[in-house]
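Notes follow once the structure below has been shown.
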Amino acid sequence: MTPERWEKIKGLLGTVLEVTPEDRGSYLDQSCAGDEVLRREVEVLLQREPELGSRFLNAEGLAVAAATLFSDEPNPWIGRRVGAYQIVEQIGAGGMGEVYRAFRADDQYRKEVALKVIRGGQDSGSVISRFKNERQILASLDHPNIARLLDGGTTSEGLPYLVMELIAGQPMVEYCEARKLSISERLGLFLQVCSAVQYAHQHLIIHRDIKPGNILVPDDGVPKLLDFGIAKIVDAQNELEQLQSTLTIFRVLTPQYASPEQIKGEPITTASDVYSLGVVLYELLTGRSPNGEIKGTSQDAIRAMCESEAIKPSIAVRTSTGATTASDDSAQGGSEKLCKQLRGDLDNIILTALRKEPQRRYASVEQFAEDIRRHLTDLPVLARKDTARYRSSKFLLRHKAGVAAATVVVIVLVAGIVVTLREARVAQRRFDDVRALANSLIFDVHDSIKDLPGSTPARKIIVDRALQYLNVLAHESAGDVGLQRELASAYERVGSVQGDYLENNLGDAEGTLASYRKALALRQQIARASKDLQDRIALAQEYRLVAHQLWANGDPRAAREPIAKAIAISEALNTEKAEDLKILYELAFDYEVSGRIGYPGDTSATQKVLQDYRRGLDVNEIVLKLKPNDIHWLHGYSTDLGSVGNMLEASDPAEALRSYQKELEIDRRLTQLSSDVRFKRSVAIDYGEIASVHDDLGEYQAAVKNNSKDLAIYDELVRSDPKNVLLQQGFAITYMNTGATCARAGQIARALEYSKRALEIMQPLVVSAPPNGFQRGVFAAMLVIRGTILTRAGNPDSAITQIEQGRTIYEALSKTGAKNVSNIAEADVKSGEAALKAGHDQKASDYFHRALTIAEPSIATDPPDLDALYAIADAHSGLGDLSLTKARHAGIRAERRKSYLSEARSYYQKSLETWRRIPHPNHTSPSSFQAGDPVVVAKELKETETALADMH
Amino acid sequence: MADVGESVSPSYPVTELLARWSRGDASARDALVPLVYDELRRIARRCLAGQRGNHTLQPTALVHEAYLRLARRDSIHWQDRVHFFALAAQMMRQILVDHARKHSAAKRGGNAVTVALEEDSSIAQKGLDLLALDDAMKRLADLDPRQSQIVELRFFGGLSIEETAEAVKISPATTKREWATARLWLHQAMTNGAEL
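If you're matching them up, the sequences are chains H and X in order. Residue numbers for the first sequence follow this note's numbering, so the first one is 537 and each next one is one higher. Residue numbers for the second sequence follow this note's numbering, so the first one is 26 and each next one is one higher.
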């Protein structure tokens, strides 16, 4: 045959195949037009058609061929020793690895076990770490219908393996078939499986891969569920990826039993297990899969499976051909009888479990099981047929990736727990169950998602729920030290999630303080009842947490008392146990926080703060010599270096720069040692601080360069978790700082853009957040800085509006006790400067005088308030400028001019006197406001004096 | 000193290789072969170990799983998927036929190895002779290379009609016809080869 010939035959054949068999003869008569050879060639091939069937070259043939061909390749694992176990033979394989029969080599009884080697694709690192976390939890599952996890480890190649109870049984469906069990007998077995799954859900473990092959029934008739939670170990990495990408089509699982959300790569919840149990029950009762035979795993096939509804079990048994069924007689009558048994309740129960949308299935396995029990005892079941309304609305909510996904996980999980909790109470289960749940919720569930980008909303739900549990528990905790300890750390955890200054938080600073205070009250009770060292350390920590939070919420005075208590406890402990690293750590941390809080109202505050920091650095350096890569110590060290840098910035910028550079070096090392986002943020902050020193030194190019690095890191951080308040706040501050530097460097357009951006980010945070002194103060300062930039940009009227807005916030804060009168005065100075530039002479004068009135009391103290000094120096020089401007007006009388010039001279002199009181005059005041320059003031004074001299 | 790493990279990501291959770079294909081959072999061997119960073999799961595992290594774009499957299909064929050849050489007299299918298939008694299929496909390739490739993609790669159509860049309707006529031709060629 030639290609041309085949082309001709093929064309004809293709068309004939599409024609109905009756019409083929006449079609060929017509098409071949007497070419009998051609006709015969086509007919020979056409004859093949019935013989061929659908199975020739179908996909199953390929898999069977592959399996058979590879069957005699020797398996290197047989006879091998893994850990304490000797492998005997392979007994199974699945998406996650192979299962072997093995025995404990050092055990004289040679007890046999199942040993499962886990293969996690390429990403074995994450599999192993996941494995270590999960192993503990899985080993704690103790239920008659769950195969026990006995042991586990890592093979010499680094593959994780699990050792499980070896179950010698038949897969559940086959077991039922072999014994021709009745429907109710099958349901009885199934209920036992449900109890196993429910038990695991109460321990917050989802099976994820329930299928008949994972349920074995030994001769004693007690079914055992295998492989609990193992899919999670293998799949963990996958899931992380899924949160970021919507394109996950194929997954290593058994598609017939996987829930639609699993197949679509959406979050897996207890409801996913409900679905898989539904599939198992369907198959157990009808002998077929609810999704029919899945043809291939192509995307289309899978999509069809996710979206098409299952046929009612009662109808499925009637139409099934050659499939196994739960009927006890083989004739047609059997399937009719079965159909009757399934129609109604069982149809509804199974279809409820199989609903495509997780939230519309049974809310828990317990409910599913309860409905089956109701059916068995002829009570009305809760499951109802799908209504048209439900059907039409289905899948409207389909597939939202990312944050939404994380939220759904938690909502569904939490919903499951609430149901469980209620039932626990109804059944008068032990108090401990509630306690375990509250703990899991905070520690396991929260921790497992807290580092996921975009997980903030989900975490908020967890926190609210956890607080409800904790408050109930705290009521009943008196006299139970163990419980009190747990509760205290739970409150701490919740507090840190709510709004701890240092953690990725939800922006509720007052909530944090309340939670920390609850924890402190518990720690005090514990310390009274226990002399345990750990309890004393925990008490000191708690004092420090409360102090730190008070400071962060804008109340440093109140923070002094708790921080002093923390230091006293830690110093006493350090005297008792000088070499104890844990205590040294606490002590260093206490000093650091004490320094950061400062000594409001204390005359030697600066020295005391520096002393705190240097003490902290000393402790750090001692310990880091012993443990150079210790993350906690490195972190503490870098924080102290930063604080010292802060302290020295004004008096010794070169030394401050060195401190910051050292800090940057340490923080970068931390980012290499840990993936904690905090360290990345620290690096950003370090660049900002370095920029700030350069800015002070007038090295604006270097300042802008470092600020840009700072911005770039923040940009990345904010993108990865856009709801994180703390990151957004830092981002806004960085924008504003960079804007201010650009303004000083003469890059006005950039300054305007950055400062605008800063306010855009910050404003919504302030509006939505509960009163938070720190945050509002930052916002007010930003408004003032924006104003100074607008003044420079030639838009003084807008500047005044912005500055006034900042001033209003400062005033409101002042009424709640914030010590910020100097900031108010500074705002007035900036308004005065803007008014001066706008030519509103009277208004400018009013602003400057108001600033003087407000600031003057603050410089009467010893030492004087630095911000107040800057305000007064600038107000005076502003008034001097105003008088000088007036003196230069054309057409005024000489006498009048002379009087203005004298006024100006007097203001400039006062300004210079004030400048002399500032130890290290800077371009910016301590509150980061653009300040005047004594050199410029001196020059103006000289010009004024010259002008006066000329008049004589 | 010469620049390091300019000429050879030991580990191009799969995506990169697929992209280069689809642009016509034959060396990229050569680099992909061992990656895909190893993965397929491993999965295929595991497949046989079987699982409990009857619901074991996922048709074409081998190729899809190989895809999944390699794709997980670095994210393969949707467009590259078809290229991947085309390659995997070739590999699958090569692996299976090589194996079948080794088997047949090992058995006395070099009898072809056949794989039993289910009883209700008329060809079941004779089984599917992979060597005969390979031989028939080669002959088909002489007549119509594209049609032979379609068989390779559908059977060894597990691609759907639509995916196959995308891979060979013809319409799904044409692909369907090509596939239907190829099956008839191959069946005829395998059972009564001399006549064609």
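Glycine included, every Cβ here is placed at the ideal spot set by N, Cα and C. Bear in mind the structure is a predicted one, so any value in this text is a computation, not a measurement.
is_contact[residue i, chain X] using C-beta, thresh 8 Å
i	result
P696/H	no
L588/H	yes
K546/H	yes
M537/H	yes
G561/H	no
R616/H	no
G550/H	yes
V580/H	yes
W1451/H	no
L725/H	no
F764/H	no
L1162/H	no
R584/H	yes
F592/H	yes
L717/H	no
Simplified DSSP assignment, three categories, for residue i
i	result
M116/X	helix
D154/X	strand
Q877/H	helix
Q706/H	strand
G628/H	strand
E845/H	coil
R1322/H	helix
Q1283/H	coil
T189/X	helix
N136/X	Reliability of the predicted coordinates at N136/X is poor, the pLDDT of 36 falling under 50, and the value obtained from them is presented with this limitation in mind. If DSSP states are grouped into helix, strand and coil, N136/X belongs with coil.
E1392/H	helix
E1235/H	coil
Opposing strand residues paired with residue i [DSSP bridges]
i	result
Y697/H	V653/H, G689/H
I623/H	A638/H
I751/H	L761/H
V618/H	Y621/H
I682/H	L761/H
T1460/H	Q1466/H
E648/H	F639/H
Classification of residue i by the beta-carbon crowding that lies within 10 angstroms, buried from 16 upward
i	result
K760/H	buried
T1327/H	buried
M537/H	exposed
P1189/H	buried
Q115/X	buried
I885/H	buried
A1396/H	exposed
CB contact below 8 Å: residue i versus chain H
i	result
A205/X	yes
Q213/X	yes
F109/X	no
D169/X	yes
W46/X	no
L209/X	yes
R126/X	no
R202/X	yes
Residue i: CB within 7 Å of a non-hydrogen atom of the ligand SAM
i	result
L1288/H	Of the ligands one can find in the structure shown there are none, so the ligand SAM has no counterpart to examine.
Count the CB pairs spanning the region 1050-1058 of chain H and the region 1102-1112 of chain H that are closer than 8 Å, and state whether there are at least three. no
Quick check: the region 1326-1345 of chain H against the region 1443-1455 of chain H, are at least 3 beta-carbon pairs closer than 8 Å? no
State whether the region 1376-1391 of chain H contacts the region 1110-1128 of chain H, with contact taken as three or more CB pairs (one from each stretch) at a distance under 8 Å. no
Touch check for the region 1353-1373 of chain H and the region 1396-1413 of chain H: three-plus C-beta pairs under 8 Å? yes
Quick one: any contact between the region 1465-1477 of chain H and the region 1406-1424 of chain H, if contact means 3 or more CB pairs under 8 Å? yes
Inter-stretch contact at 8 Å, needing at least 3 Cβ pairs: the region 1192-1211 of chain H / the region 1163-1181 of chain H: yes
Examine the Cβ distances between the region 1255-1263 of chain H and the region 1228-1241 of chain H and report whether three or more of them are shorter than 8 Å. no
Do three or more CB pairs link the region 190-210 of chain X to the region 561-576 of chain H at distances below 8 Å? no
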